[in-house]
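If you read the sequence shown in my numbering, its first letter stands for residue 243, the second for the next number, and so on.
Taking it in order: structure first as structure tokens, then the write-up.
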Amino acid sequence: MTELVELLEYTISELGANKPKLVLQTDKVSKALNLMRENGATSCLVVNEDASLAGIITERDIIQNITGHDELLNDPIEKHMTKDPQTVKANDSVIIALSLMSRGKFRNLPVIDMEGKATGVINMSDVMLFFTNHLRDD
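This is the structure:
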């Protein structure tokens, strides 16, 4: 049986990040909402024109700040996103990701490359599924 400690040492690339849903800071909130809805995603990564990560907008952001205020769906995403979110790189360990999510009390974590470009996103559900599959299979 794979030990939990061993699983925590796996890297983000071994965990397998989801392909990010990307939006620009200037896109409307409605675009991010539609992307999440169409793809069953819980977040969109917000990028600059050069594809570097600028922020993240999550279903929680939309529920807490937009729901009941339909006029805000036309706002630019930058007004409602989390700017400069915590990130991980593909070679970081799962324990680093879990620690960041736990301390920051967030469920979605962008994955970036060495140049700061968004390459993926992981969420708490991905991590739990990874653990469940590995612990059960062994």
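No residue lacks a Cβ here, since even glycine has one placed at the ideal position from N, Cα and C.
Reference residue i, options the options, closest by Cα
i, options, result
"A283", "M366, K347 and D312", "M366"
"Q309", "K263, V271, L277 and I338", "Here residue 309 turns out to be Thr, not Gln, going by the sequence shown. The residue with the shortest Cα to Cα distance from T309 is V271."
"A360", "P327, I337, E248 and L314", "P327"
"E320", "K273, E245 and G258", "K273"
"I354", "D368, F348 and A339", "A339"
"P318", "L275, R349 and R279", "L275"
"G258", "R279, E280 and D368", "D368"
"T324", "I337, L295, R279 and E313", "L295"
Assigned exposure category for residue i - 16 Cβ within 10 Å defines buried
i, result
"H311", "exposed"
"S341", "exposed"
"M343", "buried"
"M243", "Note that M243 has pLDDT 46, beneath the 50 cutoff, so the model's placement of it is unreliable and no number is given."
"I364", "buried"
"D303", "buried"
"G346", "exposed"
"L249", "buried"
"I299", "buried"
"K263", "buried"
"N281", "exposed"
"N350", "buried"
Start-to-end residues for the alpha helix (DSSP H) that takes in residue i
i, result
"A274", "V271 to N281"
"S255", "I254 to L257"
Continuous beta strand (DSSP E) stretch holding residue i: start and end
i, result
"A360", "A360 to N365"
"S294", "Looking at the DSSP string, S294 is not in any beta strand (DSSP E), and its letter there is neither H nor E."
Okay, do the region 252-262 and the region 331-343 touch, 3+ Cβ pairs below 8 Å being the bar? The answer is yes - the region 331-343 touches the region 252-262, with three or more Cβ pairs under 8 Å.
Quick check: the region 285-295 against the region 369-379, are at least 3 beta-carbon pairs closer than 8 Å? Three or more Cβ pairs closer than 8 Å define a contact, and the region 369-379 falls short of that threshold against the region 285-295.
Three Cβ pairs or more, each shorter than 8 Å: is that satisfied between the region 263-270 and the region 351-358? No, because fewer than three Cβ pairs between the region 263-270 and the region 351-358 fall closer than 8 Å, the two stretches do not touch.
Taking the runs of the alpha helix (DSSP H) that are 4 residues or longer, which of them lie wholly in the region 307-375? Listed in chain order, they are 336-346.
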